[in-house]
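In this note's numbering, the protein residues as written are 12 to 239.
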């Protein structure tokens with residue numbers, strides 16, 4: 012009888028995170044992290060997951076929060092924040108918060124969980140963004156964090172190959188999520204979810220990377236809205 016993989020998902024109550032939890036639930040034991048405790052508990056009850064309370068702005072608190080965990084096969088870094096604004100207008104507080112949540116937290120969480128993931132010859136997936144490949148006006152702080160996240164993933168992939176750990180970056184285009192609704196509001200544009208990628212489609216792609224045969228490595232995956 013095969014042992015079910017244990018997969019940690021951050022940002023689990025967001026659009027992509029919740030869709031991923033539902034996508035993985037039939038075949039994975041899930042450890043789910045999110046900011047909205049009520050929504051997180053409801054999702055865990057729905058999919059049979061275990062809640063993991065993390066404050067991503069306090070990486071020094073991660074070790075204690077993770078101490079009670081057993082096996083971990085995979086880690087999906089899905090949590091993220093975005094605040095649009097020109098470089099001339101955004102102060103250091105925005106940059107510090109964005110980089111802390113989008114880069115420092117995934118780096119520290121990965122470091123602490125790597126011994127468990129190595130033991131399982133598992134996977135680490137970073138949910139990046141199209142902004143991690145190209146920076147447009149008004150997206151400086153967010154794009155900088157996502158470029159840094161790509162660098163983290165690329166370095167980790169090379170470092171962990173000898174341990175049998177697979178590392179994948181996923182670059183979704185605009186996706187119909189609450190974060191995208193916030194972005195459209197900041198852009199002063201209407202939110203039209205039917206024009207964007209469904210979070211379930213991104214979740215299916217992440218699940219494909221996690222469940223791929225061991226002889227396949229999918230280092231970079233991009234997904235864009237398809238023709239309507």
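All C-beta atoms in this analysis are idealised placements derived from N, C-alpha and C, irrespective of residue type, glycine included.
- In this structure, the straight-line span from the alpha carbon of residue 157 to that of residue 56 is close to 32 Å.
- According to the DSSP secondary-structure assignment, residue 183 is paired through a beta bridge with 234.
- With contacts defined by Cβ atoms closer than 7 Å, residue 177 and residue 123 do not form a contacting pair.
- Counted as a single uninterrupted DSSP element, the alpha helix (DSSP H) harbouring residue 77 occupies residues 73-77.
- Contact between residue 94 and residue 152 holds, with the beta-carbon distance rounding to 7 Å and staying under 8 Å.
- Look at the stretch 123-180 and you find these whole runs of beta strand (DSSP E), each 3 residues long or longer: 134-138.
- Taking all protein chains in view, the Cβ of residue 117 is crowded by 16 or more other Cβ atoms within 10 Å, so the residue is classified as buried.
- Rounded to the nearest whole angstrom, the C-alpha separation of residue 39 and residue 218 is 10 Å.
- Checking the DSSP bridge columns, you'll see residue 61 partnered with 42.
- Ranked by Cα distance from residue 75, the options 220, 121, 65 and 170 are led by 65.
- The alpha-carbon of residue 174 is positioned some 9 Å away from that of residue 133.
- The alpha carbon of residue 80 has as its nearest neighbour, out of 120, 46 and 109, the alpha carbon of 120.
- Contact check for residue 213 and residue 27: beta-carbon distance about 5 Å, within the 8 Å limit, so the pair qualifies.
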